[in-house]
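Beneath this line is the structure, given in structure tokens, with notes to follow.
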Amino acid sequence: MLKVQENIGTKLGYKTGHEVYEKDGIINLEKSILDLQESLCNRDEKKYKNFLKSLEMTGIILRLMKVPNYKKRLELLRYSYYTLRLLDDIGDGDTSENFSPEERMEIFNGEKGIGLFDLLKEKVLKIAVELGESEGVEKHMNEIILSIKFDVERIIDPNKKRTETELKDNFYTMDTEGTANLMAIVSGVNHQKLPEGIGFLSEATRISYNIRDLQEDLKNFLINISIEDLKKYSISDDDLEKAKSGNFSEGIKEWIKSEIKKMINLLNEYNENFSFINLIKDRGLKLSYNTGYFRRVFNNMIIRYVVSQTYKIPIKKVISNNKDL
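According to the working numbering, the sequence shown is numbered sequentially starting from 2.
In structure tokens:
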């Protein structure tokens with residue numbers, strides 16, 4: 002008979018709960034994952050169903066390319082996503098359990114256990130060991146966790162604004178060093194060196210997130226407009242306060258337009274020089290023909306497709322949603 006450790010579900014506080022189910026002392030993480038998946042879809046059905054479709058497509062690609070241990074790698078992607086999704090929600094205050102900023106910091110410092118997250122992370126690292134990728138997975142997960150922690154630190158000190166360098170360094174750590182390298186591991190390719198052009202995509206995606214979540218971030222005391230841009234566009238504290246309710250000043254609108262232009266330029270730069278199709282036409286076929294390593298070349302192309310699709314979806318959506326500015 003399944004029993005529920007109620008303290009864990011209660012602590013995380015989603016509507017459907019995040020219970021950890023166990024039978025005969027063995028924890029049923031799959032049942033817990035399905036419960037978490039349901040709660041995420043209840044919050045934003047379209048967003049998370051798109052993720053599930055992406056997961057399915059990634060599995061098809063890995064299988065077609067005959068990537069070694071593709072099922073295990075897909076499992077790694079699935080568990081690592083939900084592990085970090087949980088932590089990010091707690092960091093942003095997106096759980097109905099109202100953790101104070103100080104409590105959130107205790108969680109990030111390992112002083113306060115949060116049940117399902119700890120169990121999921123343990124599962125991720127176990128899969129990583131089985132794949133011989135434990136060092137890389139732990140390193141890149143920690144990079145993402147550090148970036149989420151940076152947001153918690155900002156929430157604790159909401160009046161402190163950050164420079165462009167501080168914000169960029171943090172976002173690079175999460176979006177490029179962390180996310181892209183984790184995707185490289187999932188794809189079974191060499192992740193010691195970031196794939197060419199991924200930096201363009203990751204920076205463009207971060208801009209899209211900052212624009213998409215501007216109102217919600219400000220409500221959570223996260224100011225993702227740099228000190229330099231606040232001065233450049235004459236954005237006052239009063240402007241930031243009004244933006245929480247969707248009332249954007251001319252300065253904020255100008256900042257958004259400037260960021261969208263920057264994002265489009267980055268996307269064009271990637272498409273012109275590093276797109277999956279161009280790389281196959283310009284380099285892949287020539288190299289594979291000349292060296293005889295056809296499969297190896299195409300295996301190393303997988304990351305370009307998987308990661309590029311992960312990054313491009315939110316970029317296109319933000320461009321579409323801000324046409325009238």
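The beta carbon of each residue, even a glycine, is placed where N, CA and C say it ideally should be.
As the structure is a computational prediction, the values presented were derived from the model and not from experiment.
Cut-off 7 Å between Cβ atoms - residues of its own chain near residue i, not counting five sequence neighbours on either side
i	result
Ile149	Leu88, Asp89, Gly92
Asp218	Asn225
Spatially closest choice to residue i from the options, by CA coordinates
i	options	result
Phe100	Val153, Thr59, Lys140, Ala205	Val153
Ala185	Leu41, Tyr49, Asp36, Leu78	Leu78
Lys263	Lys161, Leu147, Thr206	Thr206
Leu267	Ser209, Val138, Ser188	Ser209
Glu131	Thr84, Tyr173, Leu147, Arg74	Arg74
Asn211	Ser235, Gly189, Ile253	Ile253
Met66	Lys122, Glu57, Ser259, Gly189	Gly189
Asp158	Gln38, Asn221, Met175, Asp119	Asn221
Lys32	Lys243, Leu120, Glu217, Glu167	Leu120
Asn160	Gly94, Asp239, Lys122, Glu251	Asp239
Ser246	Tyr83, Glu204, Asp214	Asp214
Ile257	Glu273, Met58, Leu41, Asn225	Asn225
Phe151	Lys122, Val187, Phe109	Phe109
Phe118	Val187, Ser259, Tyr83, Lys232	Tyr83
Lys122	Glu217, Ile34, Leu231, Lys232	Ile34
Gln216	Pro102, Lys233, Lys243	Lys243
Val68	Phe249, Glu204, Val187, Asp230	Val187
8 Å Cβ shell around residue i - same chain, five flanking residues per side excluded
i	result
Arg64	Tyr71
Glu76	Ile128
Leu1	Residue 1 lies beyond the residue range present for the chain, which begins at 2 and ends at 326; the question has no answer from this structure.
Leu53	Gln38
Arg344	There is no way to answer for residue 344, as the model of the chain reaches only from 2 to 326.
Glu260	Ile208, Asn211, Ile212
Contact set for residue i: own chain, Cβ-Cβ below 6 Å, skip 5 residues either direction
i	result
Gly179	His141, Glu144, Ile145
Phe172	Arg207
Gly60	Leu75
Glu255	Tyr234
Asp170	none
Ile278	Because Ile278 sits at a pLDDT of 46, beneath the cut-off of 50, its placement in the model cannot be relied upon, and the following sentence gives the value as read from the coordinates. None.
Cys42	Tyr49
Rounded distance between the beta-carbons of residue j and residue i, thought under 8 Å
i	j	result
Leu223	Ile156	7 Å
Ile228	Thr164	5 Å
Asn182	Gly137	7 Å
Tyr271	Leu202	5 Å
Leu147	Thr174	6 Å
Any non-hydrogen atom of the ligand SAH within 8 Å of residue i CB
i	result
Tyr210	The model on display carries no ligand, and the ligand SAH is accordingly not part of it.
- Every unbroken alpha helix (DSSP H) inside the stretch 104 to 192 [4 residues or more]: Fully enclosed alpha helix (DSSP H) runs of no fewer than 4 residues occupy 117 to 132, 135 to 157, 165 to 172, 182 to 188 of the stretch 104 to 192, in order along the chain.
- Run through the stretch 202 to 269 for me and flag every whole beta strand (DSSP E) of 3 or more residues, listed as ranges in chain order. Qualifying beta strand (DSSP E) stretches: none in this window.
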